[in-house]
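Take the sequence shown: its letter number 62 is residue 110 in the working numbering, and every next letter is one higher.
Take a look at the structure set out below.
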Amino acid sequence: MRNLLPFISSHPGGRSALTCRFRCGDACFKETPNNSDNEYAGDIIAGAVSRRSMMRAAAVVTVATAAGTAALTGPSAPQAEAAALAGHGHKPGHPHKPAPSGARGLRFSPVAPNKDDKVTIPDGYAQNVVIRWGEPILRGAPAFDPDKQTAKAQAGQFGYNNDFLSLLPLRGERGRQVMVANHEYTDEILMFRGYDPANPTREQVEIAWAAHGLSVVVVQEEHRTGKLGPVNRHPLNRRLTATSEFRMTGPAAGSTLLRTSADRSGRKVLGTLNNCAGGTTPWGTTLHGEENFNQYFANGTTDMHKRYGIGTSATERKWERFDRRFDLAKEPNEANRFGWVVELDPYDPDSTPRKRTALGRFKHEAAQPRLTSDGRPVVYMGDDEKFDYLYKFVSSKRMKKGNSRAAREHNLTLLDEGTLYVAKLSGDSPVTEIDGSGKLPNDGEFDGSGVWIPLATGTTSHVPGMTADEVYVYTRLAGDKVGATKMDRPEDVEPSPRTGRVYVALTNNSDRGKAGKPGADEANPRNSNKHGQILELAENWDDPTSDGFAWRLFLVAGDPDDPATYFAGFPKESVSPISCPDNVAFDAHGNLWISTDGNALGSHDGLFGVATHGDRRGELKQFLTVPAGAETCGPVIQDRRVLVAVQHPGEIDGASVEKPASVWPDGPGKIVRPSVVAVWRKDGRDIGV
């Protein structure tokens with residue numbers, strides 16, 4: 049047996065201090081914002097000998113209450129749980145009989161862990177850089193010159209630190225698609241030669257404002273390959289920045305909590321900030337999660353500012369020196385206008401994007417909808433903070449099919465009316481079997497049940513002592529009050545388009561088990577959790593509107609030679625090492641693809657595919673790795689192409705423009721540039737088949 053891969057960083061996961069500083073304002077090294085006394089899953093389990101049968105019965109009662117007499121003819125309680133979480137042929141403890149070629153969609157030679165300063169891909173595959181930071185996409189934008197950059201130029205160029213990606217069809221233009229990208233944050237040390245963090249110039253700040261936000265750019269496929277490139281100056285191309293106009297919609301729009309001296313209506317916001325992951329809707333729009341927005345605001349003055357991680361002093365970037373709205377001592381409500389899910393219509397370059405207040409305000413990692421049987425969207429969301437919560441939103445409106453103007457206008461209202469919920473999980477194993485080491489309990493799985501607790505519906509609050517406006521604007525506090533389960537950094541949350549099961553990436557939590565912090569529980573089974581896990585959730589009766597669910601841990605990440613890891617029961621000698629799952633996506637075969645952020649195993653971050661059903665359930669393979677200092681973001685998995693956003697390459701402690709830590713993507717002597725990469729098979733066939 050080989051030695052365990054080394055843990056190489058004192059920062060969460062394997063992130064550099066530079067990444068923590070600019071990406072999230074060193075959130076992991078500050079006091080945890082959630083100081084509520086909510087129960088942890090371990091607290092709920094404590095003292096129980098075994099609650100498995102009780103949880104099963106409770107789940108059936110919950111479903112019967114919601115579904116009425118229809119549930120009376122359904123399966124028994126054990127059958128209901130088995131149906132909810134069955135592995136389509138694999139059950140814990142059953143032997144696997146893997147076929148030599150691997151799961152369909154994952155038939156490639158896995159990339160070995162490495163520290164190469166490049167995008168490393170499997171044999172038989174090719175790649176190209178689709179677009180780089182600073183490439184012009186709007187008419188009149190100049191070619192990129194890092195030494196002559198201006199705010200005006202950047203506002204017409206592809207933004208910095210690309211994260212979430214979406215590719216949408218473009219009718220009538222052969223070989224073209226519409227690509228939408230988030231630009232999460234800026235790292236001024238790697239953008240500007242001679243940057244002085246204590247004294248940024250107005251020009252540098254305005255360039256950073258223009259480098260944030262979103263890009264819409266049409267891309268063209270090269271004939272006979274999978275290569276993609278931007279179509280410069282296409283009419284649909286668009287940049288939205290920290291100073292573009294956005295509109296507040298939904299039940300909290302116009303609230304006094306959202307009004308400022310510049311916007312007394314509480315409905316017009318300038319900018320979107322720290323857009324991390326997102327989602328693509330069935331009606332052809334894109335969703336964008338505003339995540340670590342707290343780091344842009346100085347001089348927090350209230351307990352609510354503190355609950356959202358906003359500091360009481362100056363910010364890293366010093367934006368408050370150049371725009372008073374970033375100084376909360378002067379504009380205490382401005383921060384309330386960030387932390388939302390933004391909806392964008394990429395097919396209408398004149399439309400105003402909308403911040404959807406019905407989906408709540410917190411550090412949104414992503415937002416991916418699925419449809420109910422009667423056509424109503426349900427959106428799953430995670431709050432990316434240690435010990436914060438998992439949410440869902442159920443719309444009260446049905447989607448209209450088609451691309452008529454009436455249908456599109458109606459569908460742009462779907463996320464403004466419905467009910468917002470938060471999750472509470474319970475485990476079903478005795479507390480003595482959850483010892484913090486990651487050892488499986490006697491029943492062979494980390495699993496249990498849960499309930500969705502309603503927070504608000506339209507203008508009606510379900511949280512005692514809070515108005516509906518307060519629930520939407522201070523959603524974290526609402527979760528505290530109703531006893532939601534504290535989780536280990538819930539990031540991307542995606543429902544499978546094939547099975548309806550929901551997969552939650554829990555990236556890590558190095559604080560679990562520390563003095564004064566909660567220890568391991570069944571949903572978070574390791575103390576000093578450096579590597580994270582992925583939770584699989586099945587709504588009762590596969591009904592996304594249900595108020596109950598079953599859950600289990602699908603993956604417990606780390607080195608397969610570590611006994612604390614688990615890969616859905618698949619033989620661990622046959623999987624790739626993985627650490628810190630972040631963004632997830634599905635391919636046409638139902639495989640889950642996972643990008644990582646902060647690999648704590650001594651290798652660069654990467655993209656992995658894992659089978660979620662069949663006799664190879666849990667088989668995980670690494671598809672690519674990214675360059676030095678980079679994070680893998682925004683995976684898009686098409687039949688014949690994989691797209692990834694290579695974020696913050698070269699972001700390593702001590703690096704600067706003058707002393708680069710990476711030469712990617714353009715080689716020595718060139719500035720390091722975040723970029724989007726496409727990968728395809730050289731023989732032109734589908735990925736992994």
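Cβ coordinates follow ideal geometry from the N, Cα and C atoms, glycine included.
If I follow the unbroken beta strand (DSSP E) through residue i, where does it start and stop?
i	result
Y243	From DSSP, Y243 is part of no beta strand (DSSP E); its letter is neither H nor E.
K200	No beta strand (DSSP E) holds K200; the alpha helix (DSSP H) holding it covers A199 to Q202.
V253	It is not in any beta strand (DSSP E) - V253 instead sits in the alpha helix (DSSP H) that spans R250 to A259.
K440	L438 to S443
K669	L668 to T673
E539	P538 to P543
T505	D495 to T505
K578	From DSSP, K578 is part of no beta strand (DSSP E); its letter is neither H nor E.
Q343	Counting along the chain, Q343 falls outside any beta strand (DSSP E), and DSSP gives it neither H nor E.
E293	E293 to T297
H231	R224 to H231
Do the CB positions of residue i and residue j come within less than 8 Å of each other?
i	j	result
V541	M429	yes
R402	T297	yes
V658	L668	yes
F341	F386	yes
A553	V623	no
V264	N285	yes
V267	V253	no
Q695	E338	no
L305	D528	no
G450	W599	no
N575	D536	no
A346	S361	yes
E364	F70	yes
A290	L321	yes
V159	G654	yes
G223	R688	no
R729	G172	yes
R373	A310	yes
What are the boundary residues of the alpha helix (DSSP H) that residue i is part of?
i	result
V519	A516 to V521
N459	R453 to N459
R355	D351 to R355
Measuring only the C-alpha atoms, how far is residue i from residue j?
i	j	result
G332	L216	8 Å
W712	R180	11 Å
N577	R524	23 Å
L262	L288	5 Å
E251	G357	28 Å
H637	P545	10 Å
F602	G314	42 Å
L460	E493	41 Å
G548	G702	45 Å
P394	A325	16 Å
V737	L640	15 Å
P283	P397	8 Å
D475	P170	Rather than Asp, the amino acid found at residue 475 in this sequence is Gly. Between G475 and P170, the C-alpha separation is close to 39 Å.
N82	G561	16 Å
A65	Y437	26 Å
T772	F615	Lying outside 49 to 737, the shown extent of the chain, residue 772 is not represented and no answer is given.
A246	A199	20 Å
D591	E699	43 Å
E221	F370	43 Å
Might you give, ordered along the chain, the residues of its own chain that have their beta carbon closer than 8 Å to the beta carbon of residue i, omitting 5 neighbours on each side?
i	result
P330	P417, L419, P425 and M447
K718	V711
K163	G650, S651, H652 and A676
N490	S477 and E481
Going along the chain, which residues of its own chain have a beta-carbon closer than 6 Å to the beta-carbon of residue i, five neighbours each way excluded?
i	result
R281	R187
T234	Y208, A256 and A259
I642	P629, V632 and F656
V109	The predicted position of V109 is uncertain, since its pLDDT is 33 and thus under 50; no value can be drawn from it.
V705	R241
S149	R155
Tell me which residues share the same chain as residue i and place their Cβ nearer than 7 Å to its Cβ, disregarding the 5 neighbours each side in the sequence.
i	result
Q205	G182, E183, P184, I185, A189 and F192
Is any heavy atom of the ligand MG found at a distance shorter than 7 Å from the C-beta of residue i?
i	result
L503	Summarising the ligand content, the structure contains no ligands, and the ligand MG is consequently not present.
Would you verify that the beta carbon of residue i is, or is not, closer than 8 Å to some beta carbon of chain D?
i	result
A678	Among the chains of the structure shown, chain D does not appear; only one protein chain is present.
Any contact between the stretch 677–693 and the stretch 714–728? By contact I mean 3 or more CB pairs, one from each, below 8 Å. With three or more CB-CB distances shorter than 8 Å, the stretch 677–693 counts as touching the stretch 714–728.
Given 8 Å as the limit, is there contact between the stretch 465–482 and the stretch 496–504, that is, 3 or more CB pairs closer than that? They touch, by the three-pair rule.
Contact the stretch 469–486 vs the stretch 558–572: 3+ CB pairs below 8 Å: Touching, per the Cβ criterion.
Please confirm if the stretch 237–247 is in contact with the stretch 215–229, defined as three or more CB-CB distances below 8 Å between the two stretches. Output reads no: the stretch 215–229 does not touch the stretch 237–247.
Spell out a yes or no on whether the stretch 692–712 and the stretch 664–678 are touching, meaning 3 or more CB-CB pairs, one atom from each, closer than 8 Å. Yes: at least three Cβ pairs fall under 8 Å.
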